[in-house]
Amino acid sequence: MLRNFILSIFFKSFNEKLLIDIRKMHKFFKRKESSNKYIKPFYILLVNHYHKKIYYKYACDITPSCQLGNIEFRHPLGIVIGGSAVLNDGVIIHQNVTFGALRFNQERRGIDCKQIVGKNTIICTGAKVLGDITIGENCIIGANAVVTKNVPDNSIVVGFNKILENKS
Numbered sequence: 225m226l227r228n229f230i231l232s233i234f235f236k237s238f239n240e241k242l243l244i245d246i247r248k249m250h251k252f253f254k255r256k257e258s259s260n261k262y263i264k265p266f267y268i269l270l271v272n273h274y275h276k277k278i279y280y281k282y283a284c285d286i287t288p289s290c291q292l293g294n295i296e297f298r299h300p301l302g303i304v305i306g307g308s309a310v311l312n313d314g315v316i317i318h319q320n321v322t323f324g325a326l327r328f329n330q331e332r333r334g335i336d337c338k339q340i341v342g343k344n345t346i347i348c349t350g351a352k353v354l355g356d357i358t359i360g361e362n363c364i365i366g367a368n369a370v371v372t373k374n375v376p377d378n379s380i381v382v383g384f385n386k387i388l389e390n391k392s
């Protein structure tokens, strides 16, 4: 039992290491919000450190303000998660998935929008979830699918917003 614990400390999977770094970044981001003006710069440095570490080590751009439940990255490379995304428990994300803005303002910054992904949803390779939308529970977003409108529970999305409801 002690041997397994020691091995788990030193030999974590790529997925587990990424999740640990994301959790640390998010923890420091939350503490930054509630800290005083003297400690806040320290937390800003820590958040920036982990954001850059995730960006360069894992080739992922995950914003500190996003809300991630107990999710799993199958192949954590090229993943982009914007600041307002909410991913609930059981979500599985494959490589090159993007959660982001659909429209931009004059400064070419994404207009705030919130993507909410329900429990036990699988998001396959190259999928793009754009705009202010909600994806229901137990859904499958197919490879290279583009989602710009709400998806009901138990659905499959393929192509550009082609929703096949009530999957079996």
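Residue numbers (the working numbering): 225 to 392. Beta carbons: idealized from backbone N, C-alpha and C, even for Gly.
Problem - Close Cβ partners of Arg255 (< 6 angstroms) along its chain, the five nearest in sequence each way excluded - result: Taking the first residue of the sequence shown as position 1, residue 255 is located at position 31. So the list reads Tyr267, once near-sequence residues are dropped.
Practice task
Determine, using beta carbons only, whether Gly350 and Ser379 come nearer to each other than 8 angstroms.
Solution key: One-based indexing of the sequence shown puts residue 350 at position 126. One-based indexing of the sequence shown puts residue 379 at position 155. With respect to the 8 angstroms criterion, Gly350 and Ser379 are not classified as neighbours on the basis of their beta carbons.
Practice task
Would you mind giving the Cβ-Cβ distance between Gly314 and Lys343, rounded to the nearest angstrom? I have them listed as a contact below 8 angstroms.
Solution key: Position 90 of the sequence shown, counting from 1, holds the residue named residue 314. Position 119 of the sequence shown, counting from 1, holds the residue named residue 343. With 8 angstroms as the limit, Gly314 and Lys343 qualify as a contact, their Cβ atoms being about 5 angstroms apart.
Exercise for the section: For Asp377, name the three-state secondary structure that DSSP assigns. Expected result: Position 153 of the sequence shown holds residue 377. Coil at Asp377, not helix or strand.
Problem - Same chain, Cβ closer than 7 angstroms to Leu326, neighbours up to 5 away in sequence not counted - result: Your numbering for residue 326 matches position 102 in the sequence shown. Contacts found: Cys337, Leu354, Gly355 and Thr372.
Practice task
For Thr322, write down the residues that DSSP places opposite it in a beta bridge.
Solution key: To locate residue 322, count along the sequence shown from 1; it is residue 98. Note: Thr322 sits in a beta bridge opposite Val304 and Lys352.
Problem - Residue(s) in a DSSP beta bridge with Ile359 - result: The residue given as residue 359 occupies position 135 in the sequence shown. Val341 and Val375.
Handout entry: Where Gly293 falls, given that 16 or more other Cβ within 10 Å makes a residue buried
Key = As a position in the sequence shown, residue 293 is number 69, starting the count at 1. Flag for Gly293 reads exposed.
Exercise for the section: Could you spell out the range, first to last residue, of the alpha helix (DSSP H) harbouring Asp281? Expected result: For the purposes of this step, residue 281 is taken as the residue at position 57 of the sequence shown. The residue asked about is misnamed: residue 281 is Lys in this sequence, not Asp. Membership of Lys281 in the alpha helix (DSSP H) is indicated by the continuous run Lys264 to Tyr282.
Exercise for the section: Express the C-alpha separation of Cys348 and Thr271 in angstroms, rounding to a whole number. Expected result: As a working note, residue 271 is residue 47 in the sequence shown. As a working note, residue 348 is residue 124 in the sequence shown. For clarity, residue 271 is Val in the given sequence; the question names Thr instead. In a straight line, the C-alpha of Val271 is about 28 angstroms away from that of Cys348.
Practice task
Identify, in the order they occur along the chain, each residue of the same chain with its Cβ nearer than 6 angstroms to the Cβ of Ile278, setting aside the five sequence neighbours on each side.
Solution key: Along the sequence shown, one-based indexing puts residue 278 at 54. If we look at Ile278 and ignore the five residues flanking it on each side, its Cβ neighbours are Asp245, Cys284 and Ile286.
Problem - CB of Ile387 within 8 angstroms of CB of Ile346, strictly - result: Within the sequence shown, residue 387 is the residue found at index 163, counting from 1. Within the sequence shown, residue 346 is the residue found at index 122, counting from 1. No; because the gap between Cβ atoms is not below 8 angstroms, this pair is not in contact.
Handout entry: Cα-Cα separation, Tyr262 to Asn385
Key = Here the question's residue 262 lines up with position 38 in the sequence shown. Here the question's residue 385 lines up with position 161 in the sequence shown. Roughly 48 angstroms separates the two Cα atoms.
Handout entry: Whole-angstrom distance between Ser237 and His299, CA atom to CA atom
Key = To locate residue 299, count along the sequence shown from 1; it is residue 75. To locate residue 237, count along the sequence shown from 1; it is residue 13. In a straight line, the C-alpha of His299 is about 11 angstroms away from that of Ser237.
Handout entry: Per-residue DSSP class, three states only, for His313
Key = Here residue 313 refers to the residue found at position 89 when the sequence shown is read from its first residue. The sequence shown places Asp at residue 313, not His. Coil.
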